[in-house]
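Number of protein chains: 2
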Amino acid sequence: MKPKSARVNIENTKAQMRKGILEFCILSLLADTHAYASDIIEQLKSAELIVVEGTLYPLLTRLKNAGMLHYHWEESSSGPPRKYYTLTQMGKASLLELQETWGALSQAVNQITQRIKNQHNE
Amino acid sequence: MKPKSARVNIENTKAQMRKGILEFCILSLLADTHAYASDIIEQLKSAELIVVEGTLYPLLTRLKNAGMLHYHWEESSSGPPRKYYTLTQMGKASLLELQETWGALSQAVNQITQRIKNQHNE
DNA sequence: CATTCTACCTTGTTTCGCCAGATACTTTTT
DNA sequence: AAAAAGTATCTGGCGAAACAAGGTAGAATG
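Protein chains in written order, with our numbering: chain A, 1 to 122; chain B, 123 to 244.
Next comes the structure, spelled out in structure tokens:
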């Protein structure tokens, strides 16, 4: 007898909006550098895009299994060794496609949103 | 014994990217007009944002149950009656929040993407 | 040696978009 | 009038992603 409906709040929508976008962001971050998980979280956070570990680790593994990324271990001077990820050739190709996909999507959204203002001026 | 991994293709990513964004688009379309399902699909399609009925109807119902939309039946001169949706007061408030959310998200993605170019120039 | 910190990983839940149907009513055709 | 086609609505099941809330293992610190 739980309230199954009305599950539309802003926080949830924010989480939904980033689905599939994180993948694009991570490939972008790794485009010409290598980084490990905490690096990536830090960089995303500095762009106001908060991500938690439980999200990032499965995503990195997924991208690695898909052949987009590969990693190598690197010793740290202050702690356990780290998995540093870089793009594969396939990863670079996918990044190009995702850039087009994101461009088309954001253009579509902006077109729909701006239609409101146009209608206001009629 | 199926290949459970490597399930990262562009088509799937496109579907993921639009999660939560469709909600924003539909509220935007209804900001100052009323429309029924086929209207909405048509307008989204003209912005290159293809949506199928199986996606839209549950979404409209969800938004209605959340108090964002309400509808009224209207007779059609050529076919069955139609459910015309409009924004409620809560829907208008949510639209404002989603506009900020979308703005922040797209700005974050652009910042991350453009960081690549900046690093190239260092 | 015990504690804290760092870095990695996993399980279960929720939500969404999509596919593939079904239902119901209206209009048109035969 | 009966059958066919068209319009508009809705539903069940599936796959994928983000998150919460854990856990493991080793290094640094006291």
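Virtual Cβ for every residue (Gly too), placed ideally from N, Cα, C.
(request) Please go through the same chain and pick out, in chain order, the residues whose beta-carbon is closer than 7 Å to the beta-carbon of residue 178(B), but skip the five residues on each side of it. (result) 159, 162, 163
(message) Can you check which of these residues, 141(B), 225(B), 146(B), is closest to residue 209(B) by C-alpha distance?
(response) 146(B)
(request) Quick one: which residues of the segment 166-179 of chain B get their C-beta closer than 8 Å to a C-beta of chain A? List them in chain order. (result) 166, 169, 170, 171
(request) List the residues of chain B that residue 14(A) touches, going by C-beta distances under 7 Å, in chain order. (result) Neighbours of residue 14(A) on chain B, chain order: 223.
(request) Please confirm if residue 21(A) has its CB atom under 8 Å from at least one CB of chain B. (result) yes
(message) Need the endpoints of the beta strand (DSSP E) that residue 71(A) sits in, please.
(response) 69-74
(request) Answer yes if the segment 89-100 of chain A comes into contact with the segment 65-72 of chain A, meaning at least three C-beta pairs across the two stretches below 8 Å, and no otherwise. (result) yes
(message) Cutting at 7 Å between CB atoms, please list the residues of its own chain near residue 79(A), excluding the five before and the five after it.
(response) none
(request) Within 10 angstroms of the Cβ of residue 52(A), are there 16 or more other Cβ atoms? Answer buried if so, exposed if not. (result) exposed
(request) Could you check if residue 142(B) is buried or exposed, using at least 16 other CB atoms within 10 Å of its CB as the buried criterion? (result) Buried, because 16 or more other Cβ atoms sit within 10 Å of the Cβ of residue 142(B).
(request) Could you tell me the distance, in whole angstroms, from the CA atom of residue 104(A) to the CA atom of residue 144(B)? (result) 14 Å
(message) Going by the DSSP bridge assignment, what does residue 86(A) pair with across the sheet?
(response) 70(A)
(request) Closer than 8 Å by beta-carbon distance: list the chain A residues that pair up with residue 234(B), in chain order. (result) 25, 28, 29, 43, 44, 47, 49
(request) Please determine, among 46(A), 71(A), 11(A), the residue with the shortest C-alpha to C-alpha distance to residue 33(A). (result) Of 46(A), 71(A), 11(A), the residue nearest in Cα terms is 71(A).
(request) Just mark residue 46(A) as buried or exposed, buried being the case when its beta carbon has 16 or more other beta carbons within 10 Å. (result) Residue 46(A) comes out exposed.
(request) Using 10 angstroms around the beta-carbon of residue 148(B), count the other beta-carbons present and answer buried if the total reaches 16, otherwise exposed. (result) buried
(message) Going by the DSSP bridge assignment, what does residue 104(A) pair with across the sheet?
(response) The partner list for residue 104(A) (beta bridge, DSSP) is empty, contrary to what the question assumes.
(request) For the alpha helix (DSSP H) containing residue 62(A), list its first residue and its last residue. (result) That run of the alpha helix (DSSP H) goes 53-65.
(message) I need the DSSP call for residue 215(B), collapsed to helix, strand or coil.
(response) DSSP, read as helix, strand or coil, puts residue 215(B) in helix.
(message) Just checking: is the beta-carbon of residue 228(B) within a distance shorter than 8 Å of some beta-carbon in chain A?
(response) Taking 8 Å as the threshold, the shortest C-beta distance from residue 228(B) to chain A falls below it.
(request) My understanding is that residue 182(B) touches residue 207(B), with C-beta atoms under 8 Å, so please give their C-beta distance in whole angstroms. (result) The Cβ separation is near 6 Å, so the contact holds.
(request) Go ahead and pull the three-state DSSP assignment for residue 157(B). (result) strand
(request) Determine, using beta carbons only, whether residue 224(B) and residue 109(A) come nearer to each other than 8 Å. (result) yes
(request) Enumerate in chain order the residues of its own chain whose CB-to-CB distance from residue 151(B) is below 7 Å, with the five nearest sequence positions on each side excluded. (result) 157, 162, 165
(message) Judging by CA-CA distance, which residue of 176(B), 220(B), 205(B) is the nearest neighbour of residue 11(A)?
(response) 220(B)
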